[in-house]
Amino acid sequence: MEKLQLIYGSNTMRITEKAKSLAQNFVDEPDAFSIVTLNYKETPVEGIIEEAQTLPFLSDRKAVIVDDAFSFTGAKVRSEVEHNIDLLVEYFNNKNDDTLVIFKVFSEQLDNRKKITKLIKSKGEITQISEMTEQEIRGFIRNEVDGAGVQMDASAMDLFIQLVGIKYEHVSNELQKVLLYVEESVTESDIEAIVSVSLEQNIFKLTDLILSGRKAEAVKLLRDLILQNEEPMQLLHLIISQLRLLYQVKLMQQEGYQGDSIAKALKVHPYRVKLAVREVRKYQQAELERKMVKCRDIDYKFKSSYLDRETLFELFILEI
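For the sequence shown, my numbering begins at 67 and goes up steadily by one.
Take a look at the structure:
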């Protein structure tokens, strides 16, 4: 195993699990002394290097995990410390300790122009953690359910994904809640009673209610989301994003594009496109255009009106 590792992607939970697995496989007997975790926003490069070069206590091997190592990206991030990147470059070039150093980078892209990124590519190993596909999520759910020794039929799994979505962290958390709740089998009523619907799925439902003219249901869902401390402005922007996706999918379908091709062209998850393809056939292109104009108008009112945003949003739902 390379002693320098970098793991990156947008799925922070899977990145953390991967880093933990690498560290535990590297050290002989994992404990608080043989696996050390540092935060890059709080620990300067000097501290990271010193920790890596400090001999392990009561262990033959040591792993240092560095959280949120943003210097490998092009992002401008506020940090409590200033990092001497030249020291990190020197360490990479002359690493002579036996410590496994793992950098966790919570970004979909690295800045390949940077010297430290080029160096870790040549001196170590880089692993990208991608968002899981729907099929992979279904496989994960099946493995967890089987491992817990309970039953879950196809309709129950479909309902679970319909409510939770396919983001790994949310799926994992909600599935653990369900498995702690049930004894022998997971039913649809269990899922409805236990799981928390993801924000993404709620936005999908809210957009559908607005487009289909079910205004009372839309207002009720909006109020529920605001009670869950969701900001009206954020909700509006998410709805605009969903409407834009529906509109783009409609146009691309007319040009002969299919699901995977649409997802790749728009750079969105195939599962979002799958849901959009299913819904967009209900609506005409001109209707979607009119709704998008309404969204633009309410966005302007949000920024200029004296009325509170919840009231404006409800008026928007009633008018659109």
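Built from N, CA and C at the ideal position, the CB exists for glycine as well.
query: Ala331 beta carbon less than 8 angstroms from that of Tyr337; result: no
query: Cα-Cα separation, Val102 to Gly279; result: 55 angstroms
query: Delimiting residues of the beta strand (DSSP E) encompassing Phe169; result: 166 to 171
query: Whole-angstrom C-beta distance between Val132 and Leu104, which should lie under 8 angstroms; result: 5 angstroms
query: Whether Val230 touches Gln201 by CB criterion (8 angstroms); result: no
query: Alpha carbon of Leu272 to alpha carbon of Cys361, nearest angstrom; result: 14 angstroms
query: Neighbourhood of Leu176 by C-beta, 7 angstroms cutoff - its chain only, sequence neighbours within 5 removed; result: Tyr74, Phe138, Thr139, Thr183
query: Close beta carbons around Val261, own chain, < 8 angstroms, minus the five adjacent residues each side; result: Phe226, Leu229, Val230, Glu240, Lys243, Val244
query: Whole-angstrom distance between Arg144 and Leu287, CA atom to CA atom; result: 36 angstroms
query: Any 3 or more C-beta pairs closer than 8 angstroms across the stretch 180 to 195 and the stretch 148 to 160; result: yes
query: Nearest to Glu148 (by Cα), restricted to the options Glu345, Glu117, Tyr106; result: Tyr106
query: Rounded distance between the beta-carbons of Ala129 and Val171, thought under 8 angstroms; result: Their Cβ separation, rounded to whole angstroms, is 17 angstroms, which puts Val171 and Ala129 out of contact at 8 angstroms.
query: Residues near Thr78 by beta carbon distance below 6 angstroms, same chain, minus five either side; result: Phe172
query: Which listed residue (Ala89, Ser76, Glu83) has its alpha carbon closest to that of Lys69; result: Ala89
query: Cα-Cα separation between Glu95 and Thr377, rounded to whole angstroms; result: 58 angstroms
query: Bridge partners - Thr193, DSSP secondary structure assignment; result: Ile73
query: Range of the contiguous alpha helix (DSSP H) that encloses Thr103; result: Element bounds for Thr103: not the alpha helix (DSSP H) but the beta strand (DSSP E), 101 to 105.
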